[in-house]
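Visitor: When you line the sequence shown up against the working numbering, it's residues 157 to 367, in that order. The beta-carbon is built from N, C-alpha and C at its ideal position, and this holds for glycine as well. Predicted model, so just to flag it, every value in this text is computed and none were measured. This is the structure, below, for whatever I ask next.
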Amino acid sequence: MTKILTTQNAQITTAAVEVKTLTISGKQVTLSVFRQLREEPLLTEDVTLNGVPWGYVNYHPDKCGNHRRHLHVVWQRGADLLRSTVYAPEVAKFQSVWAKLFIEAAIAEGLTKRSAESFGISKIQIWPHWATHPHLAEFSYGGVSFQAAIREDFADAYDNNYVSPYVKEKAVAITGPHGDAGSIAALKLPVAEYLAVWDALTALPHLFIAV
């Protein structure tokens, strides 16, 4: 039977809430002090940490707006206190040399827009990047979004659905005669590592700073 809420059976309980503040020399960090922390990458290309993360702050000097999901992590390297923006796995656009090798190997093996799922890829987009000349490939694998600069020959093969012998030879130079895109993904693409780091960072304390 559903209980009816009345003044006789209702009660208010107060939960203990722990608020952790970011302090320097015993004083709470203000927005102006937080702005002065240098923004440097916490994650390396192989998804190890460049230092010790303290927690995350729900504030960014440049305003986040509708930016993709992320954390502003405060971290320590030696005697320096720094901040870093770390993106959620599904929107990370994480750059790794293995992402480049994987996607080029997959193209050489016949990757097209229609065959992406057979390579374990859920989303893919390739377009010219005029500032750096190579083409950019963005794709999702295992729940992690990657971004890589790929060579024009491979981008053309993907666009035209035709893999020339020349591109195949270049791919063998990447993977070796017995390698393939699947083995690169399984052994080298840092999917599990990124997911694990994101879980660890989201479990860190939410640090409050003074307005």
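1) Which residues does DSSP pair with F250 in a beta bridge?
2) With burial defined as no fewer than 16 other Cβ atoms inside 10 Å of the residue's Cβ, what is the status of E260: buried or exposed?
3) In this structure, does DSSP put E308 in helix, strand or coil?
4) So, helix, strand or coil for G211, using DSSP?
5) Quick check: what's the CA-CA separation for E294 versus T179?
6) Taking the Cβ atom as the reference point for each residue, do L345 and Y297 lie within a distance shorter than 8 Å?
7) Could you check what DSSP says for S339 in three-state terms: helix, strand or coil?
8) Looking only at C-alpha atoms, which of G266, F302 and H285 sits nearest to K279?
9) Where does the unbroken alpha helix (DSSP H) through L351 begin, and where does it stop?
10) Can you give me the Cβ contacts of P245 inside the same chain, cut-off strictly under 6 Å, excluding the 5 residues immediately before and after it?
Guide: If we stick to the structure as given:
1) Here residue 250 refers to the residue found at position 94 when the sequence shown is read from its first residue. DSSP, once it has assigned bridges, lists F302 as partnering F250.
2) Position 104 of the sequence shown, counted from the start, is the residue given in the question as residue 260. Buried is the call here.
3) Counting from one through the sequence shown, the residue named residue 308 turns up at place 152. Helix.
4) As a position in the sequence shown, residue 211 is number 55, starting the count at 1. In this structure, G211 counts as strand in the three-state DSSP scheme.
5) Numbered from 1 along the sequence shown, position 138 holds the residue referred to as residue 294. Numbered from 1 along the sequence shown, position 23 holds the residue referred to as residue 179. For E294 and T179, the distance between alpha carbons rounds to 39 Å.
6) Numbered from 1 along the sequence shown, position 189 holds the residue referred to as residue 345. Numbered from 1 along the sequence shown, position 141 holds the residue referred to as residue 297. For L345 and Y297, yes; Cβs fall inside 8 Å.
7) As a working note, residue 339 is residue 183 in the sequence shown. If DSSP states are grouped into helix, strand and coil, S339 belongs with the helices.
8) In the sequence shown, residue 279 corresponds to position 123, counting from 1. For K279, the nearest C-alpha among the options comes from F302.
9) Against the sequence shown, residue 351 aligns to sequence position 195. Where L351 is concerned, the enclosing alpha helix (DSSP H) stretches over V347 to T358.
10) As a first step, residue 245 is located in the sequence shown; it is residue number 89 there, counting from the start. Same-chain partners within the cutoff: G299, V300, Y350, L351 and W354.
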